Every structure is written in C-alpha cells, then in structure tokens.
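Read the structure below first, then the notes.
This is how it looks when you write it as structure tokens:
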C-alpha cells in the first residue's frame, strides 16, 4: 500500500457516532472549556499541564466511563476543580438520519447531547438531550443503548489510548499482556467469554441428564407397586357381604329395644302422677312468703328515697364551693404576678438610672470636639450593617422554614413507621391465634372431646371410676357442649355466642359432688399436656355449676310465642340436667335466633314487635341484640365456630389461607418499614446539615447585631447633652419611687387574699366532713334496703321455682302419656321396617343394638383399614395410571434432552471452528498491515500470535539491510519503540470498527524522522477513512501540519487555570 497515493474520489464523512463537541465546567484544571471537533482529523496541542489529557478524560467520563478507566483517579469527585462543589461534562454525538444508522432520530434529531454532573460526594447524574437541548432520558441504560448502537467502545484501549496505557504497553515485555491487549482491542475477548459460558451451561445440562437418568428406575418401581395393589382389591368384597347380614340383625335388635322402651314409658307415667299433691302444697307456702316480704320492702324503699333527697341537697353545695375556691386562687395568683412584674420594672429602672448617671459623668469629663465626620462614617457603616443583617435574617428564615418542613416530614414518617410496627405486632398475634386454632382442630380430629380441653377424656374416665365406686351422690354431667347437638349448622356461631363459657362447664347435684369433681380436676388437668389448654394457653379448670338434678323444666309460660325460633328450639339435648342448666344459665328458652342483624334490631328495639319474655336475640353471624330499655347491638367475639366444627379439613384450609394472607401483609409492611427507615435516615442527615447551617446563619446575625449595637452606642455617647440626660435621670428616680409604692400596696392586697383563701379552705374541709357523714348513713340505708330486696328476690325465685315445678310436673304427666303412645307407634314402625328389610323373615337375637352396631363398625373399620393399607379401589386405579404416565413421560423427556444436547454440541463445534477462522483472519490482517506500516520507515518486522499459549510477540528490525534478522522490541530506542507501537495500533484499527479513535501523546518519544513518517501515515489513513474520526493529543509543535476541512488543529493556552475558551487556528 502506498501511503503517498492520492485518491480521486472524495469519500463521504461519518454521519453518526462521531464526537462533535466536548464541553466541561469545573473539570480538573478547566473552569470552563468548549472544544468543537471536526469529522475527520483533530489535533489538540498544548504544553504539559495545559489540560489536553483532561479533554480525553472528559470524553471517557462523559460517555459513562468509571474513574479507574481514565488512569487519573479512583473516584469521580477527584475530577472536580479545586474549590468547586460540582463538575459538568457534555459530549455531543452526531446522529444524522442516514436511513437506519441514526439512533431514534425522531426523538433526538441530528445530535445527541450527553450531560453528566459530578457532585463533591462522588455521586453523579445523567441527562440525555436532543439537538434542541430538551431532556429525553435520565437513565444510564439509555446511554448504554446509544453506545452499543454506534459501536462506541470507551473501554477499548485501541479506541481510546491514554498516556498510561501507551506507556505501559511500550515498557511491557510480557507476551501474555500483549495478547490480552490484542483480544480486547479486536473484541475477541467478548466472544471467548461467551463461548466459555455456553460450555459451562452445557456441562451443567449433562449433570442434570445424569440425575434424570437415575430417577427412571425409581419411577418404574413405583409403577410396579401400584400395579400389585390393584390386583389385590377383589378380596374385600366378601367382607362387605357379611356387613349386610349384620345390618339385618341390627334392625330386629332395634325392635326388641323399642319394646322395652314402651314398658319404661308406662312406668314413668305412673310415677309422675304420685308426686302431684306435694308440689301443690310447696307452691302455696312460697306465695304467702312473697306477699309478706313485698310489704316490708316497700316501707324500706320509701325511707331510702327520702334520705337520698337530703343527701342530694348537701352534695349540691360542692360545685359552688369549688368554683369560689378556684376564683380565689386565680385572684391570688394574679396579685402575685403583679408583684413580680413590679419587681422586674424596679430592677430595669435602677439599671437605666445607673446607666444615665454614668453617661452624665462621662459627658461632663469629655472635651468637646468636632464629631461630624465620625458621625457620618458611623451612619454609613450602620446602614451597611443593617442591610447585611436583613440579608442574613432572610437566609435564616428560609433555612428555618426548610428545617420545619424536614421536621414535619420526619414526624409523619415516624408516625407511619409506628403504625406499621403496630400493624406487624397485631398480625403476629393474629398468626399465633390462627396457629393455635389449627392445633385445636387437629386435636379435635383425633378426639372430638379435645375441643373442650385435652384433659377432657381423662376427666370423664375419672368421673366414671368415682361413680362406679359409689363416691358421688349423683354422677356429674359435662362438659355441657358435648351433650348438645345442632339441628341446623348455620346457627353454630350464634349459639356459641349465646352459651359462651358454659360449653366447657360441668354440673353437680350438691356441694359434696362438687368437691369431689374439683379433686379430679386438680389431679387430671395438672398432668394434661403440661398444663396447656385447647388453644395452647395455660389450662384452666372448667367451671362447675351447682344445680339440683330434677326433672325437665316446664317452659311453656316463658316461651316468646309462636313464629319465633329460640336457641332451645335449634338444639337437640337428650340430657335433662344439661337442658335445665342451660335454661338457668343462658335462658336459652327465651333467646331468639334471627338470621339478619338488621331484622333482629327492628324486632327487639320496638316494644310493639318484641315478643314477650324475650330481651335478647342473636343473628346468624353472631351479633348480640339486646332489647328493652337499654337497646344495643354487640359485634361477635369470634368469626368462626370453635365447638360445632363439622368440616375440619375445610376449616384448616381456610385458616391456612388466612395465615398466608397475614404473612404476605406482614412481609409487605416490613418492606414499607425498611423503606421508611431509609428515608428517615436521609431526612435526619439533611436535618443535621440544615440545623448546622441555621446555627451558622444565626451566629452571623448575632455578630452583625453586636456590631450595630456598638455603632449605636458610640453615637449615643455623643448625641445627648448633659441637661437632657439629667432630666431623664430625675424622671427615673421618681418612677422608681412610684413603683416601690405600688409594690407595697399590692403586697397588702396579696396578704388579704391569702387570708381569705385560708378561711375558705376551712369551710371546704367542714363540707367534706359533713358529706362523709351523710354518705355513711346513706350506705347503711342502702345496705338494709339491698338485704330486703335480696330476700324478696329469693322469695320470688322460690315461688317461681315451685310454680315452674308444678307446671313441669303437669307437663311431664302429659309428656309421659304422649311418650307412651309415641313409643307404641315407634315399636310398630320399627317392626314393620324390620320385616320389610328382611323380606318378611324375623331374626331372633338377644344382643343389643349397640353390640350388633359395634360388630358392624369393627367389620367396617377392618375394611377401611385394608383400604387404607391397600388404598381405595378408585384411588389405586388412579395412582396406578398416574405412576405409569410419569414413567413413560420421564423416559420420553430424557430421550428428547439427549437429542437436544447432541445438537447443541454439534452447533458448538461449528461455531468454535468459525471463531478460529475469524481469529486467524483478524491475526493475518493485523500482521500484514503491521509489516506494511513498518516498511514506510524502512523497518521490517512481524507479529507472532500463539493462540494456544495466549502470547503475542512483536519483533522489529531497524537495520535497512535485506535479510537482517528481526529482534525483540526491548532492544529498540524510545523513538523506534514509539513508532512500532503506532504501527501496531494502526494495524489493530484495521481489525476493529469504531466511529472515532483517540491517541494521547502518541509521538512523545519519537525523534523528528519517526514523527514525520508517523504523521504522514496517520494523515494518509485518515484521508482514506473519512468515515472515521481521529482525535490526536500531542505536546509537540504541529505548525507544519496543513489544516483543511478534514484536518483541524486546536491549540490550548499555556498552563493557566480559569480559561474560558480555546484559541484555535487553521494554518
């Protein structure tokens, strides 16, 4: 190639990617500098220290490079000019619309301006603008996309060659370092890294295939196990036929049991009729006692009401005494404050009097002189200080307002943080409560009695043992919740709200039985689950209700009437004691059940619609509605049933979903707290900085005030004459005398008010003594009245009890008659059903239904056990086919993966072969171009690339003798080494694509001959590559270089800071 050859055709200059302008402000040594570059060759010339390398550093930093890439510092803040707080770098890239080469031309136009700001804290920001200066983006990702689009490689040492990189390349003799330089410059390094990553992924895929291969035998074994179970299911059919025969026997066992129930019903009817006379006598005696007690109670109540009126008259004096006492204290306090104010005025007057006296004496002793010039100077200085003070006060006001804004933000964020922390604590409590509910439901699945406490089974066993030993008078009943059954499950929550704690309670006939039951509780509950209750909390003994075991109550008179559903109506209670106890404790015969809470309020809150004998109702969702005079609605205590759980699995799923929801809410709240904590920390730092600034500004104001005060005092010393000061002094003496007289007068008033307050406090003490006396007398009367009221209540309770007992006995007689008739009908029905079930054949059996049913359960459990071991028939078939499908699918997937892996390996082999061809082509091209460039100086040499050893050797022969042996570059002089380096760089330029190339002081070590040849080569290459931009920095005199449209020369001023523009000349 002939570098001196001229081309006839002018190539076209670059339209995209080249640098049009570099602008810096407060950057390294430049306060403000702008460089506008040409599209082809640009020489930037200047003495050492004039800031040439700073322009190259600005290009790297402005296009997103890190500080380490510039070899001039480890932090961006090191590039800020001394004495400045921030720095700005702007790079303008050409983006002319040449078909598809421009980047988002519709947004940016013909130029893209990249602005990067650097703060003294080391942080920075980006603004990417269009040609008109409008910001299009502030994200670095957009800058990365722009550089990738234009193929700008700021980290490529051949694209941008700094002084240190060039110097280290010249001095290094390590072939491996040179080879790494070659790979990075030609971008072969990126391809090598990509292929290495693909190879690692392929090896990982092989490992996964080996693991999948190991799973296949396990899947096959699982399929064989399910196939064996499927073949064994036919053996259970015989056992199911035996159950049918036992059910036929069970039907006739029920017939025999019904026959016995008829005889028992007839016996109970005769027993009830024999009790009727004694019940009538007891009711009459109770009625006489109530009439006598009612008369005595009325007399005591009248006496109490009269005395209460007297007490109210005494207590009415309290407000008047209290108000008067407060007014007297306020007046005393005001008088005391007036005295203190007079003392303060006297002190100030004395101080002013002394100041005036000193001033008079000083003026008398001072020689008169001309103060006019000094007064004008002081007035001018005073005006300047006043203006400065106003300026500082405005700054302080702005800073204070900003500080208050920060305080408000901090307070708001701290409040939100506290709210979030409280929310997390509440959610932790909710999660723990849900976890305890899960444990309870799991225990209930194991044993239904566990819902009343894990100790319940042990308590019932102990009660049964005591009963068999004859230690109880009557066997205790409980827990009450185990003896009741819902007729309709939808009322479960409402009934639990009504009965409440009585669900776990036990009932005893007398105190003897109650003491024995307490001993059982101490012995069993103390050892149950280490004292834990059904919710995981500390186990407590269930309550014991003392109530005589009697026949069922007659509630016909207390029922609310037809058309209303009561709690008693919705329950199936077979135990009479349990039914009577719940009537006594929870009034279940009068409490209504109404589906909708609003409808319940409409009924219960109105006297016209509220049924008789009923003051309370519950909605289906557990709301409590209280009627009568104090009508009110209470929200339910629980959201789901605890004792009447019928779908344990569904309840568990619902609770687990709620727990997951709570966990997600807690996690989101925790993230919010962390974000707030970061914002609070930033606000606190900003507040500390602002407070420091405010203190500094306040110090400045105080300093100016002191200076103003000094100037004013200097003027005041000369302004007044002696006569005026002496008159002021006499006025102050007179004012002090008047103030002292006022103080004496206020002191007398204060002492009088103090004595009046003391007398009034004595009156208040007497009032308190009298009030305590009448209160004690009232308490005694109320106690007597309460005693009579309790006796009357007890008498009425007994009367109602005997009345109820009499009504119950009559009802029992009627019920016994109805039961006898009903049992006869049941007997006939069961006999007809048995004959129909057994096809007219009567089966003789002496066993009870429980025994037959027990045998059926044993057989069914055996079938269930076999099915649980072997599995349900449908499940076994389903599992067998599922296991077979998994086995077949895994085999097919394994085969497909192996096929894909082979295809990937073949593709890798082809790509690696192409990569080696490409690398060989790049190497050959660089070698040929390197030798050709050396020949321009009359040198010879070669590049030797050993790819397997990852080494690059540069050999140069400077002897212009044909056949001379080439040698290593270490033996060359500094200029020869610089020339060979330039040849190597230009050879690599041919192997890379980039819109611009930058060289910093490329010719610093060259002699005149090498510099001229290098310059001629560079200009020739630049002329041939008009579509590329060249930026060359040198301290040498380039005045011999001819400037043109393609060659521009910029000359920096000598090293002086603060320059604003660049002088450039075109020779």
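In full-length UniProt numbering, the protein residues as written are 1 to 1067. For each residue, glycine too, the CB sits at the ideal point set by N, CA and C. As the structure is a prediction and not an experimental result, all values here were calculated from the model.
The closest CA to that of residue 571, considering only 560, 595, 487, 616, is found on 487. In this structure, residue 738 and residue 353 do not form a Cβ contact; the two beta carbons are roughly 13 Å apart against a cut-off of 8 Å. Distance from the CA atom of residue 160 to the CA atom of residue 998, rounded to whole angstroms, is 5 Å. Among the bridge pairs identified by DSSP, residue 506 is matched with 544. Taking each of 83, 58, 84 in turn and checking the Cα distance to residue 73, the smallest one comes out for 58. In this chain, the alpha helix (DSSP H) harbouring residue 523 covers 511–525. Going by beta carbons, residue 559 and residue 589 fall inside the 9 Å limit. When secondary structure is reduced to three states using DSSP, residue 998 falls in the strand class. Note: residue 572 is bridge-paired with 485 in the DSSP secondary-structure output. In the DSSP assignment, residue 617 is bridged to 592, 625.
By the criterion of a C-beta distance shorter than 6 Å, residue 257 is surrounded in its chain by 849, once the five residues flanking it on both sides are discounted. Around the CB of residue 199, fewer than 16 other CB atoms lie within 10 Å, so the residue is classed as exposed.
In terms of Cα proximity to residue 19, the closest of 114, 66, 45, 30 is 114. Apart from sequence neighbours up to five positions away, the residues of its chain that approach residue 253 with a beta-carbon distance below 7 Å are 845, 847, 848, 849, 852, ordered along the chain.
Its chain contains 493, 494, 497, 636 as the residues whose beta carbon lies nearer than 6 Å to that of residue 622, once the 5 sequence neighbours on both sides are disregarded; these appear in chain order.
In the DSSP assignment, the residues bridged to residue 940 are 957. CA-CA distance, residue 951 to residue 179, rounds to 5 Å.
In the structure shown, residue 16 falls within a strand segment according to DSSP collapsed to helix, strand and coil. A check of alpha carbon separations from residue 33 across 41, 865, 24 identifies 24 as the nearest. With a minimum length of 3 residues, the unbroken runs of beta strand (DSSP E) contained wholly in the stretch 31–113 fall at 41–45, 86–95. In the DSSP assignment, the residues bridged to residue 124 are 118. With respect to the 9 Å criterion, residue 581 and residue 480 are classified as neighbours on the basis of their beta carbons. If you look at residue 603, you'll find it in the alpha helix (DSSP H) that goes 597–604. Sequence-distant Cβ neighbours of residue 273 in its own chain, meaning closer than 8 Å and more than five residues away, are 813. Taking C-beta separations shorter than 8 Å and ignoring five residues to either side along the sequence, the partners of residue 698 in its chain run 396, following chain order. Apart from the 5 residues on each side of it in sequence, residue 509 sits with its Cβ closer than 7 Å to the Cβ of 473, 474, 548, 549 in its chain, given in chain order. Rounded to whole angstroms, the separation of the alpha carbons of residue 158 and residue 667 is 51 Å. Excluding residues up to 5 positions away in sequence, 480, 582, 585, 586 lie with their Cβ nearer than 7 Å to the Cβ of residue 502 in the same chain. Excluding residues up to 5 positions away in sequence, nothing lies with its Cβ nearer than 7 Å to the Cβ of residue 264 in the same chain. Excluding its 5 nearest sequence neighbours in each direction, residue 216 has C-beta neighbours in its own chain below 8 Å: 887, 890, 891, 894, listed in chain order. Taking a 10 Å sphere around the C-beta of residue 661, we find fewer than 16 other C-beta atoms and assign the residue as exposed. In the structure shown, residue 630 adopts coil according to DSSP, grouped into three states. Remark: C-beta atoms of residue 151 and residue 995 approach each other more closely than 9 Å.
Around the C-beta of residue 577, 16 or more other C-beta atoms lie within 10 Å, and the residue is accordingly described as buried. Two segments are said to touch when three or more pairs of C-beta atoms, one from each, lie closer than 8 Å; by this definition the stretch 455–468 touches the stretch 514–525.
Exposure of residue 671 is indicated by the presence of fewer than 16 other C-beta atoms within 10 angstroms of its C-beta.
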